[in-house]
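Student: As numbered in mature numbering (1 follows the signal peptide of the UniProt record, and there is no 0), residues -33 to -1, 1 to 869 make up the sequence shown, in order. Ideal placement from N, C-alpha and C gives every residue a C-beta, glycine not left out.
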Amino acid sequence: MEGTKNGVSRRSFFKGSMALAAAGLTAGGLAEAAPIFAHAESNESSGEVVRKGHCAGCFYAKCTQLYHVKDGVLTYVEGDPDGLYNKGKCCVRGAAAPMRVYNPYRIKTPMKRTNPEKGLEVDPGWVEISWDEALDEIAERLIAVRQDNPAKLIYLPGFPSWHFPIVGAGWPFATVFGTPNVKSATGSLCSVHLAAAYVHGEFVQTSEMNYAKYVLCVGATVGPNHGVADAGTDFIIDKIENGTRMVVVDPRCGIEASLGEWVPIKPATDLAFLEAVTHSILFEVGKYDEWFVKNRTTGPYLMAPSGDDYMRDSATNKPLVWDSAANGAKTFDDPTIGDLDFALEGTYEVQGQTVQPAFQYLLDTVREYTPEWAEEITTVPASTIRQIAADLVENAQIGATVEINGQTLPLRPAHVNPSRGCTCHRDGQAAFWMAMVINELLGAIAVPGGNTVINYNGHCLQPDEDGVVISEAIAKNSRSPYYEWRYPFDALDVPELIPYSYCPGNRYIWTLLDPEKYHVDYMPDMFIGFGCSLFSKGGDPAVIEEALKKIPFMVHYTYAEDEMAMLSDIVLPDLTNVEADVFYENSAYRPGNGNVGRSYVGHKRIIEPLYGQPNPDDFFLQLADKVGFLTGNGMNCLEFAMNKRWQMKPEYEFDTSRAYTINEMQELRMKNVFGPDASWERLAETGYYEVMLPENEQYNYSMFPGKTTRHPLYNIAVVKGLKQLKAGLAEAGIEYPLGQEFMDDYEFYAKGFPSWKPTPVMTAGDDFDLNGVVFKTPQFLFDVAGCVQNPMLVETALTDSLQGKILINPVTAERKGLADGDMVYVQSQYGTEIGPYPVKTTNLVHPDAMAVAGGNARYSANLDPLVKQHVKYNKLMSTAYEAVDVLSGGLEVSPAVKLIKA
C-alpha cells in the first residue's frame, strides 16, 4: 500500500512537486495549494462569469485555464478539467495571473523620457504621452533611419508578457524594414539548440518517454524545472514510478534527481564526463548499434585529409564510403553495399590519398579519455562512469523493434538528454555534440525511447544532397548552417566571427563598445525591444548598461520598468495574455513525448485591457503603415512577408492592397491551418486547435525510415566553418578581432569530434576554488509572462528556504569556516562582486559548487523592491568574448568564484 505522511500520499506529493514545482509546497503545503486544482461553475447571478482561455505562464503555453471574472475584474484562475494538456491542473505561474494584470508596478501608458542622462539608477523623468504621439514620433524616426541606412535599426525580441514575439508582426516588420540586426535577445543562454539542429534538423531536443527505460540527464531537466502542469508531467512521474530510471548528472540535486538517481559532478566538466562514457562504450562495453551507425549516420563516410569535407565521387560528387565486402570505395547510396558492409574503421587509399572513415576519427579521439582520467576532472568515480556506459547499452536494447500503427520502428529505450547546464560553458557545444554522439552510438535518435526533437516543420529529418539531415531551423536566426563570410560586416552581431553560432544577443555589446575593433563601419541610431532583456540574459550589468547608452534612441515594449526601460527614450506598455486575443502556435509537444501533432492555443480576450493598450502586433502594423511598407508588392510589403512567413494558402492569403487588424490576420491564419470553419468563436470554446498525428508519425524516424536519411556523427560544419573563417580573414586582410587565444580555442574545439582541455573557469587560480551554478525555479521561467515582476510569485519564491541564499555543501562550509546564516560576498574571476548574502548549507550541491536558486535579481531602480532580494548572479558572469563558448557564442554560466566572509 502506498505510504502516506500527514494525509498526503507519496503519489500526491510527487504530483504536487511536479505540477506546482514545489512553489505551493514551500508556501504552505499541498493543502493550501489544493484550490488551484478545484473546479467552480459560473455564478451569473453574482455577476461572475467563467471564461476558457490559454495560459501564458511558460514557454510552452499549452495549458487551458478557467478564468473567473466578476464585474470585469479577473478574480481567480484554475485549471480547465477539459484541457487537453493540463487536465484541470494549474501551476503557480498560471494561478498568479490576476496579479500579473493588477500589479501596481506595471507600466500603464506610453511614456517619454525628459532626462537626457541615462542609467539604471537615474530617474528618466517620464512624462505620459498618448499612443498617437508615440506612434508618430517612432514612425518619424524610423523613416529617417530607413532613408539613411536601415541597418541602423536594431530589433530585439525576447519573452514578453503574453506571447513569443517571433511569431507575431514584429519580426517580419523589422525584416521588411531592411535591417540585418533582427535577432532574439534570449540566444545568449540558448546554445542548447545548436547541436540538436544539426543532428535532428530541428532545434528543441527532448526525451521520448513513452518507451524510455533509462534516461541520462546531463545538466538537464525533463519537466519539473519548467513547472509544466500538463499531462506529460504526470506521465513522467508514472514512468519513474513504474521503473524508468532517470540518472541525473548535475552539480545540484534537483527534483528529477531526488526521484531518480543523482550523480554529482564538478561544475563545467560535462565534456570530460561524456568523453569518458563514449570511451567506455567503444573500448570497454564494446557494443553499439552497428546497423544504425553504418546506415543512419555519417560514421562510414570517408573524410578528406583536410577534415572539412567528405571524399567525393568524381562523377556524381556524392560522398564516398568503403565497401568492406567489395574492398573498394563506393558512393554512400550505392545499393550494392550490404547493410553491414560499410567500413567504420581502418585506413584506405582513395583517389591517391590516404583516408579514414569518420568513425575512425571518433575512436582515435576518445581512446585516451578513460574513466580514470575523467574521475580526476569531474569527481565522478570511474566505476560510476563505467556503470552508466554499460547501463545505457543494456537498456538501449540494440536491435529491438516495436510495431506502432502498422509500422515497425526501432526501439531504443535509453538515451542521453543534455541541456543548458551542460552547454553553457566554454566547451559547452562540444559537450552537447558528444552527448548526441552517444545517442547515435545507441541508435537512440528520433525513435521510440530515444532522444528526439519537437518537429515544428513536419519533416525535420529530410536529407540534403549528401544524404545528411538538413539543419534548417537555426538558419532563421543566425545564418547557420549556411555560413557565409561577408566583409565589410553588415550586421552588428558580426556572425562571421563565430561560424555556425547561435547566440548573438551579447555580441551587440562587443560592437557597441568598440566598433572599430570589430570593423563595423556604422553604429545604430535606433533600437526597438519587445519583451527583451540583455540584462537577464547577459553578464555584468555595468558593461551592458555602458553599451546600450551609446544608442541614441531606444524604444522598449515591456511590462514593467525593467533595465531596458530605464535606458529607453519611449516605453510602451504591453498587454497580458488575458487582455489580448491570442492565437499562438506551440506544436503539440508534451514533456516526455516530443511531437504529437500541430497545435495552436489561444482565446478571445478574457477581460478588456486594463489601461486601453492596443495589441502590440497592431501597433507594428500601424507603424509599418506610417513608415510606408504595410501594403504594396513583394518583399517591401509587410503583409506580403507575413503571407510567406505563415505559409498562407491562396484562398486565405492577405490582400496586400488593404490593411488588416492582427485579429483579422490571425483568423485567416486559423482557417489556413484548420479549415474554413475555424474562427475566434470556435477557439473560445476549447482554448486550442490541434491536429493529431497518427501514433507512428509522432516518432520522427517514421517520416524518413530505414536508409533514407543520415544524422551527422562527424561535426563537419565546425571544421568547414573554421576554414571559411580563416579564408575570409585573409581575403579581408584583417586580424581576428576576438584575438589569438579565442582563435586557438576555436581551432582546438572545431573538430569532427571534440577533444578536452581545461577551460578558463578551471584555471582561474587557487583563490577561486568554487564554480557558480544557477538553476531555474518554478516561479520564474525564461522571463515569460512578467513572472519576475509578479509580486505574488516573488513573495512565493521568497518563502523558499533556498531563495536569496548562497548554497554550499557542508564539507565546503567546514573547510571555509562558514555556517548557516553567515553573510558572505562572492567575487568572480571576472572582477565583479555581489553580496553580502546569507549562506545556506545543503547536501544537495557538489562540494566544488556555489549554487544560487533563480538568480532573478534585477537592477532597475523603478521595479518592485522585492525583486532585489534575489541573488544578482548575472553580475558574476561576463559578456566578453573571453567568457563565451567558442563554437556557439553562448555565455559561460559557471564562473570561478571565491567566498569572502562579511
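Residues in its own chain within less than 8 Å of residue 287 by CB, not counting five upstream and five downstream?
Tutor: Result list for residue 287: 268, 269, 277, 278, 279, 280, 296, 297, 298, 299 and 317, in chain order.
Student: Could you pull out every residue in the same chain whose Cβ sits closer than 7 Å to the Cβ of residue 842, ignoring the five residues on either side in sequence?
Tutor: Closer than 7 Å at the Cβ level, and outside the excluded window around residue 842, lie 507, 508, 799 and 801.
Student: Quick check on this structure: which residue in 710, 866 and 674 has the alpha carbon closest to the alpha carbon of residue 429?
Tutor: Residue 674 is the option with its Cα nearest to residue 429.
Student: Inspect the beta-carbon positions of residue 160 and residue 551 and report whether they are closer than 8 Å.
Tutor: No, the pair does not count as a contact, with Cβ atoms beyond the cut-off.
Student: Residues in its own chain within less than 6 Å of residue 573 by CB, not counting five upstream and five downstream?
Tutor: Same-chain partners within the cutoff: 18, 20, 34 and 545.
Student: Taking residue 171 as the reference, which of 89, 97 and 399 has the closest Cα?
Tutor: The option with the nearest alpha carbon to residue 171 is 399.
Student: Helix, strand or coil: which one does DSSP assign to residue 866?
Tutor: Residue 866 falls in the strand class under three-state DSSP.
Student: Could you name the residues of the same chain whose beta carbon sits closer than 8 Å to that of residue 870, not counting the 5 residues immediately before and after it, in chain order?
Tutor: Any question about residue 870 goes unanswered here, given that the chain covers just -33 to 869.
Student: Have a look at 609, 692, 70 and 697 and flag the residue whose alpha-carbon is nearest the alpha-carbon of residue 757.
Tutor: Per the Cα distances, 70.
Student: Who are the Cβ neighbours of residue 746 in its own chain at under 7 Å, not counting the five residues just before and after it?
Tutor: Here the set comprises -11, 59, 60, 754, 760, 763 and 764.
Student: Would you mind working out which of 790, 219, 168 and 153 sits nearest residue 744, comparing C-alpha positions?
Tutor: Of the candidates 790, 219, 168 and 153, the one whose C-alpha sits nearest the C-alpha of residue 744 is 219.
Student: Could you give the residue range of the beta strand (DSSP E) that holds residue 350?
Tutor: Unbroken run through residue 350 is the alpha helix (DSSP H), 349 to 363; no beta strand (DSSP E).
Student: Please look up how many angstroms separate the CB atoms of residue 752 and residue 24, rounded, as I've assumed it's under 8 Å.
Tutor: That belief holds up - the Cβ atoms of residue 752 and residue 24 are roughly 5 Å apart, short of 8 Å.
Student: Name the two residues that bound the continuous beta strand (DSSP E) containing residue 716.
Tutor: Taken as a continuous stretch (DSSP letters only), residue 716 belongs to no beta strand (DSSP E), being part of the alpha helix (DSSP H) at 706 to 716.
Student: So, residue 31 versus residue 655, is the Cβ gap smaller than 8 Å?
Tutor: Yes; because the gap between Cβ atoms is below 8 Å, this pair is in contact.
Student: At what residues does the alpha helix (DSSP H) containing residue 629 begin and finish?
Tutor: Its alpha helix (DSSP H) spans residues 629 to 641.
Student: So, helix, strand or coil for residue 500, using DSSP?
Tutor: Residue 500: coil per DSSP, three-state reduction.
Student: For chain B, is any of its Cβ atoms less than 8 Å away from the one on residue 278?
Tutor: The question asks about chain B, but that chain is absent: this structure has only one protein chain.
Student: For the region 217 to 282, which segments carrying the beta strand (DSSP E) assignment without a break, of at least 3 residues, lie completely within its bounds, in sequence order?
Tutor: Listed in chain order, they are 228 to 231.
Student: Measure how close the beta-carbons of residue 537 and residue 101 come, nearest whole angstrom, since I'm counting them as under 8 Å.
Tutor: Confirmed, about 6 Å.
Student: Tell me the start and end of each unbroken beta strand (DSSP E) in the region 749 to 779 that is at least 3 residues and wholly inside, in chain order.
Tutor: Counting whole runs of 3 or more residues, the region 749 to 779 contains the beta strand (DSSP E) stretches 773 to 775.
Student: Is it true that the CB of residue 581 sits closer than 8 Å to the CB of residue 77?
Tutor: No; because the gap between Cβ atoms is not below 8 Å, this pair is not in contact.
Student: Using beta-carbon positions only, say whether residue 813 and residue 231 come within less than 8 Å of one another.
Tutor: Cβ atoms of residue 813 and residue 231: closer than 8 Å.
Student: Roughly how many angstroms separate the alpha carbons of residue 241 and residue 421, rounded to a whole number?
Tutor: Rounded to whole angstroms, residue 241 to residue 421 spans 24 Å at the Cα level.
Student: Taking C-beta to C-beta, are residue 254 and residue 365 nearer than 8 Å?
Tutor: Yes, they are a contact pair.
Student: Looking only at C-alpha atoms, which of 826, 63, 778 and 542 sits nearest to residue 73?
Tutor: Of the candidates 826, 63, 778 and 542, the one whose C-alpha sits nearest the C-alpha of residue 73 is 542.
Student: According to DSSP, is residue 388 helix, strand or coil?
Tutor: Helix.
Student: Is it buried or exposed for residue 788, if we count other Cβ within 10 angstroms and need 16 for buried?
Tutor: Under this definition residue 788 is an exposed residue.
Student: Tell me, which residues are paired with residue 290 by DSSP?
Tutor: Paired residue(s): 295 and 309.
Student: Taking a contact to mean a Cβ-Cβ separation below 8 Å, would you say residue 372 touches residue 663 in this structure?
Tutor: Yes. Within cutoff.
Student: Report all residues from its chain with a CB closer than 6 Å to the CB of residue 523; omit the five preceding and five following residues, and keep chain order.
Tutor: Result list for residue 523: 496, 531, 532, 535 and 538, in chain order.
Student: So what does DSSP say about residue 566, is it helix, strand or coil?
Tutor: Correct three-state label for residue 566: strand.
Student: Go ahead and pull the three-state DSSP assignment for residue 687.
Tutor: Looking at residue 687 - three-state DSSP - the assignment turns out to be helix.
Student: What are the start and end residues of the beta strand (DSSP E) that includes residue 820?
Tutor: Taken as a continuous stretch (DSSP letters only), the beta strand (DSSP E) holding residue 820 covers 816 to 820.
Student: I need the straight-line Cα distance from residue 167 to residue 666, nearest angstrom please.
Tutor: Each residue's alpha carbon lies about 12 Å from the other.
Student: Could you give the first and the last residue of the continuous alpha helix (DSSP H) run that contains residue 139?
Tutor: Start and end: 137 to 144.
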